[in-house]
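Its first residue numbered 2, the sequence shown is counted upward by one per residue in the numbering used here. Just so it is clear, CB atoms sit at the ideal spot from N, CA and C, and this is done for glycine as well.
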Amino acid sequence: MGYSQHKSEESVEDYLETILLLSKRLYEVRSVDIANELGYSKPSVSVAMKNLKAKNYITVSENGHIALTAEGKTLAESVYEKHSLLRDWLISLGVSPETAAADACKMEHDISPESFKAIKSCILTFLK
2 MGYSQHKSEE SVEDYLETIL LLSKRLYEVR SVDIANELGY SKPSVSVAMK NLKAKNYITV
62 SENGHIALTA EGKTLAESVY EKHSLLRDWL ISLGVSPETA AADACKMEHD ISPESFKAIK
122 SCILTFLK
């Protein structure tokens with residue numbers, strides 16, 4: 002996979018994770034909410050939403066309300082699980098919460114399923 006394709010997939014994951022988290026806080030999610038949350042311009046978010054809709058990750062109502070499809074929600078929850086587990090693990094190792102969150106955001110996109118499964122298993126065993 003090339004660099005630009007990797008960055009594109011990372012962007013998709015970030016948008017889906019943001020929609021998931023906003024949907025837990027807000028009754029309805031709109032592009033402006035996503036733009037505000039991520040600090041992106043409204044036109045950039047609009048283009049991204051068109052791309053996510055074309056990939057069948059989201060639906061957009063006539064009123065502009067955004068919802069994750071089953072496929073989009075599955076991917077978003079997977080990314081969020083990685084982020085949360087990695088962030089909490091780093092904090093437990095003594096990393097500051099701010100650094101842990103920033104590092105987890107980077108790691109969530111690059112870690113292989115095999116490595117994440119091993120880390121998750123180790124953490125869950127440690128917590129027992």
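Counting C-beta neighbours from all protein chains within 10 Å, is the total for Ser32 16 or more, i.e. buried, or is it exposed? buried
Where do the ends of the alpha helix (DSSP H) carrying Thr60 lie? Element bounds for Thr60: not the alpha helix (DSSP H) but the beta strand (DSSP E), 59-61.
Express the C-alpha separation of Lys107 and Val61 in angstroms, rounding to a whole number. Rounded to the nearest angstrom, the gap between the Cα atoms of Val61 and Lys107 is 28 Å.
Taking DSSP as the reference, what is the three-state secondary structure of Tyr16? Shown here, Tyr16 sits in a helix according to DSSP, grouped into three states.
Thinking just about the alpha-carbon of each residue, which of Arg88, Lys83, Ser93 is nearest to the one in Ala101? Arg88
Return the bridge partner residues of Ile1 from the DSSP annotation. With the chain covering only 2 through 129, there is no way to say anything about residue 1.
Leu69 beta carbon less than 8 Å from that of Ala77: yes
Going by DSSP, what residue range makes up the beta strand (DSSP E) through Ile112? From DSSP, Ile112 is part of no beta strand (DSSP E); its letter is neither H nor E.
Hey, how far is the Cα of Thr19 from the Cα of Asn57? 16 Å
So if DSSP puts Leu69 in a beta bridge, which residue, or which two residues, is it bridged to? Ile59
Rounded to whole angstroms, what's the CA-CA distance from Val80 to Phe127? Just pull it up for me. C-alpha separation (whole angstroms): 22 Å.
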